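J.: I am attaching a structure below and will ask some questions about it afterwards.
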Amino acid sequence: MSAELRTQVAIVGAGPAGLMLAHLLHRCGIESVIVESRSRDYVESRVRAGVLEHGTAELLNDTGVGERMLREGLVHRGIALRFNDRSVRIDFPDLTDGKTVTVYGQQEVVKDLIAARLATGAPILFECPVVAIDAGDQPSLRYRDAAGAEHVVRADFIAGCDGFHGVAREAIPSDAITLYDHTFPFGWLGILAETPPVSEELIYVNHERGFALVSMRSRTISRMYLQCRNDEDLALWPDDRIWSELRERLGSDRGGPDVRPGKMLQKGVTPMRSFVCDPMRYGRLFLAGDAAHIVPPTGAKGMNLAIADVRVLAEALEAYYESGDPALLDAYSQTCLRRVWKTQRFSMYMTRMLHRFDEHTPFDHRVQLAELDYVTSSRTAATSLAENYVGLPLESTAGLRKVRS
Ligand code: PHB
């Protein structure tokens, strides 16, 4: 038996972008249906990044889904940059008028948003891959349920929030969009381990053997990364090798933070990529989050950018349903892409400053160290890093709305 659903906004994907969009729309009385190809368990346990910009944390709080984050998230007031075997701290509140970031895993945000969604009773369909999207004047999508039956969702709009490998972007004719991308000749080997964080704050390390990052998920769980080849074979990285490489890059035996081996909970290789799809819209299909753009993880921006997109989209949809005026929807792509490109710039800057590049000459390496020296000794340069790290101000579209009304 195949069913047909009718809603205002059909949302493809239950990651941070899709869930937050549904949440924001629900708050202004707009109906949505979320269709997700994976199981609830899968999306809730997928380990991803974990740094929330100031504005992202504020949005969770202001819209009633920040309670657990306030209890369990770790507020960070700075990061350290480590190079030439010394660490220099960048103090966020001092440089940004009191702003901070919050360390809280992406999957925790996802769990909180799923709980909020279920509490509303509004539809969220797990294990239902979308098999076709029609972005024409009467948009619809088709999905397959767990029993193999196909169903249709008809909507006023479709939001493609299904990630880089999703089907939403694929539904756009290739001559209607321009794709920009850059791949890096390295990746990150990431681990999650049962060991207390080596430091209260994140440490980004430039070392001659490659980049390293120590982060955390709680006071007892560490998340750490090592620059590796982008086709790195995990089999070549037994736990001992990972621990000794972390100790080496962090300078544990040379006055650096003391990395202590603990139970390895997870290991994986993250490829590094930059990608932008322009425009982020085709007809009544709007792309948000990783479906529209990918940033390398060095600036910790992926999820924050996804949340910024859907904030703009929710505001535009609200204005449309209130007044029938599509101006904000028409401005959606342009509004988002301004932030996206600035975030690409920052992520690229952090990536270039901190990683080893095979093609680097000794000259390039000296310039890289001078960049680190500069950003950690000039208040002006440090302020630029800090304001990007805590998150650039969200451009409000309210001004545009006021002008038009
Ligand atoms: C993480 O905790 O997973 C993390 C933190 C900072 C980054 C990237 C990842 O820049």
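For the sequence shown, numbering that gives the first Met the number 0 puts the final residue at 404, and the numbers step up evenly by one.
Glycine residues also receive a C-beta, built at the ideal position from the N, C-alpha and C atoms.
As the structure is a computational prediction, the values presented were derived from the model and not from experiment.
Identify whether residue 413 lies in helix, strand or coil by the three-state DSSP scheme.
T.: It is not possible to answer for residue 413, since the shown part of the chain is limited to 0 through 404.
J.: When DSSP labels each residue in this structure, what does residue 25 get in the three-state scheme?
T.: In the structure shown, residue 25 sits in a helix (DSSP, three-state: H, G or I).
J.: Hey, is the stretch 139-158 in contact with the stretch 101-116, meaning 3+ C-beta pairs nearer than 8 Å?
T.: No, because fewer than three Cβ pairs between the stretch 139-158 and the stretch 101-116 fall closer than 8 Å, the two stretches do not touch.
J.: Alpha carbon to alpha carbon, how far is residue 201 from residue 101? Give it in angstroms, no decimals.
T.: Going from the Cα of residue 101 to the Cα of residue 201 covers about 11 Å.
J.: For the beta strand (DSSP E) that residue 157 lies in, which residues bound it at each end?
T.: Counting along the chain, the beta strand (DSSP E) containing residue 157 begins and ends at 156-159.
J.: Quick one: is residue 112 buried, meaning 16 or more other Cβ sit within 10 Å of its Cβ, or exposed?
T.: Residue 112 should be labelled buried.
J.: Examine the Cβ distances between the stretch 226-238 and the stretch 249-259 and report whether three or more of them are shorter than 8 Å.
T.: No, because fewer than three Cβ pairs between the stretch 226-238 and the stretch 249-259 fall closer than 8 Å, the two stretches do not touch.
J.: Determine the burial state of residue 362: buried for a count of at least 16 other Cβ atoms within 10 Å of its Cβ, exposed for fewer.
T.: Flag for residue 362 reads exposed.
J.: Terminal residues of the continuous alpha helix (DSSP H) containing residue 383?
T.: 378-388 is the span of the alpha helix (DSSP H), which, as asked, contains residue 383.
J.: DSSP three-state label for residue 223, please.
T.: It is a strand residue.
J.: If the criterion is Cβ atoms closer than 8 Å, does the pair residue 157 and residue 140 meet it?
T.: Contact: yes.
J.: Under a three-way DSSP split, which group does residue 409 fall into?
T.: Lying before the first or after the last residue shown, residue 409 is absent from the chain, which here runs from 0 to 404.
J.: Taking only heavy atoms of ligand 1 into account, decide whether any of them is closer than 7 Å to the Cβ of residue 272.
T.: Incorrect: residue 272 has no Cβ contact closer than 7 Å to ligand 1.
J.: When you compare each of 354, 279 and 387 to residue 175 by their alpha carbons, which one comes out closest?
T.: The option with the nearest alpha carbon to residue 175 is 279.
J.: By how many angstroms is the C-alpha of residue 337 removed from the C-alpha of residue 351?
T.: So the two alpha carbons sit approximately 21 Å from each other.
J.: Under 8 Å Cβ to Cβ from residue 44, same chain only, skipping five residues before and after it: list those, please.
T.: For residue 44, where only same-chain residues beyond five positions count, the Cβ hits under 8 Å are 106.
J.: So what's residue 130 in DSSP terms, helix, strand or just coil?
T.: If DSSP states are grouped into helix, strand and coil, residue 130 belongs with the strands.
J.: When DSSP labels each residue in this structure, what does residue 13 get in the three-state scheme?
T.: Note: residue 13 maps to coil in three-state DSSP.
J.: Would you check whether ligand 1 has a heavy atom nearer than 7 Å to the C-beta of residue 222?
T.: Checking the Cβ of residue 222 against ligand 1 gives yes.
J.: May I have the straight-line CA-CA distance separating residue 271 from residue 357, to the nearest angstrom?
T.: Rounded to the nearest angstrom, the two C-alpha atoms are 15 Å apart.
J.: DSSP on residue 184, reduced to helix/strand/coil?
T.: In this structure, residue 184 counts as strand in the three-state DSSP scheme.
J.: Run through the stretch 54-95 for me and flag every whole beta strand (DSSP E) of 3 or more residues, listed as ranges in chain order.
T.: Listed in chain order, they are 73-75, 77-82 and 85-90.
J.: Tell me whether residue 131 is buried or exposed, calling it buried when 16 or more other Cβ atoms sit within 10 Å of its Cβ.
T.: By the neighbour-count rule (16 or more Cβ atoms within 10 Å), residue 131 is not buried but exposed.
J.: Would you say the beta carbon of residue 212 is closer than 7 Å to some non-hydrogen atom of ligand 1?
T.: Yes; taking the cut-off as 7 Å, the Cβ of residue 212 has a heavy atom of ligand 1 nearer than that.
J.: Just verifying my parser: in three-state terms, what is the DSSP assignment at residue 308?
T.: Reduced to three states, the DSSP call for residue 308 is helix.
J.: Which residues in the same chain as residue 4 place their Cβ atom closer than 6 Å to its Cβ, once the five residues preceding and following it in sequence are excluded?
T.: Hits under 6 Å: 32 and 152.
J.: Which stretch, first to last residue, makes up the alpha helix (DSSP H) that contains residue 352?
T.: Element bounds for residue 352: 326-353.
J.: Using only alpha-carbon positions, find the residue among 293, 186, 196 and 217 that is nearest to residue 179.
T.: Closest by alpha carbon: 293.
J.: Check for me: the alpha helix (DSSP H) holding residue 105 runs from which residue to which?
T.: That run of the alpha helix (DSSP H) goes 105-119.
J.: Are residue 51 and residue 60 closer than 8 Å when you measure CB to CB?
T.: No; because the gap between Cβ atoms is not below 8 Å, this pair is not in contact.
J.: Does the distance from the C-beta atom of residue 196 to that of residue 213 stay below 8 Å?
T.: Yes. Within cutoff.
J.: Should residue 128 be counted as a contact of ligand 1 given a C-beta to heavy atom distance under 7 Å?
T.: Flag unset: Cβ of residue 128 not near ligand 1.
J.: Take the Cβ of residue 246 as the centre, count every other Cβ of all protein chains shown within 10 Å, and call the residue buried at 16 or more, exposed below.
T.: With 16 or more other Cβ atoms within 10 Å, it is buried.
J.: Have a look at residue 95 and residue 228 and give me their C-alpha separation to the nearest angstrom.
T.: So the two alpha carbons sit approximately 35 Å from each other.
J.: Under three-state DSSP, which class holds residue 405?
T.: The chain is shown from 0 up to 404; residue 405 falls before or after that span and cannot be answered.
J.: Pairs of beta-carbons, one from the stretch 371-385 and one from the stretch 313-331, closer than 8 Å: are there three or more?
T.: No, they do not touch.
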